[in-house]
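Residues in the sequence shown are numbered from 223 upward in steps of one, following my numbering. C-beta atoms are modelled at their ideal positions from N, C-alpha and C, and glycine is treated no differently. No experiment lies behind these values; they were computed from the predicted model shown. See below for the structure under consideration.
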Amino acid sequence: MKEPKKFENLGAKVPKGVLLIGPPGTGKTLLAKAIAGESGVPFLSISASEFVELFVGVGASRVRDLFSKAKEKSPCIIFIDEIDSIGRQRGSGIGGGNDEREQTLNQLLTELDGFADNSGIIVLAATNRPDILDVALLRPGRFDRKIEVMLPDLDGRKKILSVHSLSKPLSSEVDLGYWASRTVGFSGADLANLMNESAIHCARDESKLINDLHIENALDKITIGLRSSLITSPNMKKIIAYNEVGRAIVSAVRNGIESVDKITILPRSGSIGGYTKICPDEDVISSGLISKKLLFSKIEIALAGRAAETIVFGEGEITQCSMNDISYATNIVREMVTKYGFSIIGPISMDSDNNEMYLGDGLFRRKPLIAENTSSRIDNEIINISKISLNNSIKILKKNRVLLDKLVDILLNQETIDKKVFKLTTSKLLKV
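Following this line, the structure appears as structure tokens:
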């Protein structure tokens, strides 16, 4: 936009549209603001929801007005936030294509690539739902560039934490690199929230400096929820302790000792009892690729609580403490069998695809049919994989029974085992 002749002399056209795609909180809107500051041209910002009105023609009229203002100030940048609110696929409702939102989208498509000369205008748009956008909106000539704004890596998280800690009195003992390593999968907004919660905990303690304990408490609040009332029953504490330690030991065997971040039997809001915090894999988050081995390890870790109860208390004394983990494991197994082809049924996708986003799709789309025999095979394979994974967890915990009892004793006395204590205890006794 600063030197258009440089490109025009070579016959190149400046891209008309740039679509920022990424998970919520990764900084798409902030990136648009930064572009506005760097470009040195007029910047018109609007949310896509502002186009949508009950009254007929208002949305389309606002689109025309926006582009008229942009032409007067050309060259300039238009930024449309959350474009999926008007850019959803057309013709998916029962009434066809006559609703107000679709007319607004039609006007936007016309302005982006119509007979009128819109040279000098670049449209920036942001969304975290590119899968539901209309195909006509995404084609070259309208949005020529698609930029993925992904979750930050280790170095990125460290820099984001340093930015959000500039206005806060951090203790000299705080190592932001350490906290960046413990926040895998956090977006920029999550990291900003972490530092803000740390400052709140610091104020509650009437402390003048934010230390590691304040950040630790803030991280626990964000990831596993607020502390609820204490468990007073010794028997209940023991059951929960064996569940949590069982998961931690299986995770240490399958993914390494470093994979376990914290074990606690202090109840949190929304859960029955304790919590085992397992660090997500940085490579999986950055690449998005999930291996068969990784999924099997996730299933075994999820079922390790039930395995520990079975070993220690016996089949007749198991509780519902692991019900959420069993549900989580079952969902993973079902996806392995029906989506990823990770079973003896073969590399076939048999997902029923019943999650229609619009009512019209649900009424008129022909649903894929699965034969009863195939459906029965799917169910049997899900049951078979779940049982094999549970038996694998039982074998691991039987081999590490001494470590299991040792960690449970520590957990019952201290109520929380941090990464350092777990690593120190496990490194001496763990049998792989």
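The C-alpha of E294 lies about 38 Å from the C-alpha of A414.
Listed in chain order, the non-local C-beta contacts of A411 below 6 Å within the same chain comprise G247, local neighbours out to five positions each way being set aside. The Cβ neighbour count for D306, taken over all protein chains shown within 10 Å, is at least 16; the residue is labelled buried. Under the three-state reduction of DSSP output, L646 falls in the helix class. Within a 10 Å sphere around the beta-carbon of F518 sit 16 or more other beta-carbons, which makes this residue buried. In this structure, K484 is the residue among I567, I512, K484 and A270 with its C-alpha nearest to the C-alpha of Q636.
Burial state of L431 is exposed, judged by a 10 Å Cβ sphere holding fewer than 16 other Cβ atoms.
Less than 8 Å divides the Cβ of G281 from the Cβ of Q325. A direct Cα-Cα distance of roughly 21 Å separates L253 from L288. By the Cβ-count criterion, M545 is exposed, with fewer than 16 other Cβ atoms from all chains shown falling within 10 Å of its own Cβ. As computed with DSSP, R490 is found in a beta bridge with R449. In the structure shown, the three-state DSSP call for T638 is strand.
In terms of Cβ geometry, I300 and A292 form a close pair [threshold 8 Å]. By the beta-carbon neighbour count (other beta carbons within 10 angstroms, threshold 16), E225 is exposed. Restricting attention to T532, N350 and K255, the CA atom closest to the CA of G468 is found in T532.
Of E537, K561, A526 and Y562, the smallest CA-CA separation from I548 is found for A526. Excluding five sequence positions before and after A524, the CB atoms of its chain that fall closer than 6 Å to its own CB belong to D547, Y550 and A551, given in chain order. Going by DSSP, L241 is part of the beta strand (DSSP E) stretching over G239 to I243. Look at I540 here: in three-state DSSP terms it is coil, with no helix or strand label. A distance below 7 Å between beta-carbons, with the five flanking residues on each side excluded, links R490 to the following residues of its chain, in chain order: I446, G447, L448, R449, S450 and Y497. Residue pairing of L392 in beta bridges, as defined by DSSP: I432. Around the CB of P374, 16 or more other CB atoms lie within 10 Å, so the residue is classed as buried.
A straight line joining the alpha-carbon of I605 with that of N418 spans about 45 Å. Taking the CA atoms as reference points, G239 sits about 51 Å from L488.
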